[in-house]
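Protein chains in written order, with our numbering: chain A, 3 to 116; chain B, 489 to 602. Notes follow once the structure below has been shown.
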């Protein structure tokens with residue numbers, strides 16, 4: 003089955019700096035790669051997702067890049083703000099079919115220092 | 489629209505007991521999926537229901553089961569509880585699929601097994 007590894011497990015940055023979280027996946031058939039943000043005590047929320055026919059996607063200060071050859075994808079947050087402090091989860095799935103499931107990484111706890 | 493609603497919010501049980509958790513999806517969403525969240529393990533997929541049928545299942549023992557009703561509401565049952573079942577159980581709803589579109593998560597049920 004699919005295995006998703008996420009690094010680093012914790013990340014501390016100064017406000018205004020950039021943060022990068024990396025994930026690798028094992029199943030070359032995976033086609034859908036979402037990122038979820040979970041603030042302390044709250045439910046996970048989708049912040050951005052990318053599909054395998056796209057190499058990069060941006061949404062304001064957030065961007066995701068995908069390298070299908072190397073089977074890894076990354077979340078980039080620029081100009082970090084204290085409200086970006088949360089746990090971020092990457093995930094991967096084939097995106098169709100019986101037996102498919104969304105496999106999550108173990109999460110990255112991001113702390114943005116004011 | 490109302491968000492995804494999970495009840496109860498907290499549960500305390502003892503080993504050997506069974507428990508039923510409930511999830512009401514966003515109106516119009518037909519897919520409901522369940523996840524177990526524990527510190528260090530991230531989010532682990534339990535199962536997905538669509539049109540009252542289990543579409544996908546994660547790597548959990550048969551003590552974990554679920555069902556979906558005609559109004560898309562879903563329940564999850566855990567029998568013969570073990571200490572290791574203590575976790576936050578999250579459900580998520582989506583329009584058609586848990587593996588290739590945005591998931592809307594509930595607030596979760598925090599289960600403690602003593």
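For every residue, glycine included, the Cβ atom is placed at its ideal position computed from N, Cα and C. Quick caveat: nothing in here was measured; it's all calculated off a predicted structure.
Buried or exposed (CB count within 10 angstroms, at least 16 for buried), residue i
i	result
residue 146 (chain A)	Residue 146 (chain A) is absent from the model: chain A starts at 3 and stops at 116.
residue 61 (chain A)	exposed
residue 96 (chain A)	buried
residue 36 (chain A)	buried
residue 529 (chain B)	exposed
residue 114 (chain A)	buried
Cβ-Cβ separation, residue j to residue i (assumed contact under 8 angstroms), whole Å
i	j	result
residue 47 (chain A)	residue 39 (chain A)	6 angstroms
residue 45 (chain A)	residue 578 (chain B)	7 angstroms
Three-state class that DSSP yields for residue i in the structure shown
i	result
residue 58 (chain A)	strand
residue 4 (chain A)	coil
residue 48 (chain A)	strand
residue 504 (chain B)	coil
residue 530 (chain B)	strand
residue 540 (chain B)	coil
residue 107 (chain A)	coil
Cβ of residue i within 8 angstroms of any chain B Cβ
i	result
residue 23 (chain A)	no
residue 57 (chain A)	no
residue 102 (chain A)	yes
residue 75 (chain A)	no
CB contact below 8 angstroms: residue i versus chain A
i	result
residue 578 (chain B)	yes
residue 593 (chain B)	yes
residue 631 (chain B)	There is no way to answer for residue 631 (chain B), as the model of chain B reaches only from 489 to 602.
residue 596 (chain B)	yes
residue 489 (chain B)	no
Cα-Cα separation, residue i to residue j
i	j	result
residue 76 (chain A)	residue 51 (chain A)	11 angstroms
residue 595 (chain B)	residue 497 (chain B)	8 angstroms
residue 87 (chain A)	residue 23 (chain A)	13 angstroms
residue 29 (chain A)	residue 553 (chain B)	27 angstroms
residue 504 (chain B)	residue 569 (chain B)	5 angstroms
residue 592 (chain B)	residue 492 (chain B)	7 angstroms
Cutoff 8 angstroms: residue i Cβ touching any chain E Cβ
i	result
residue 587 (chain B)	The structure shown contains no chain E; the protein chains it does contain are A and B.
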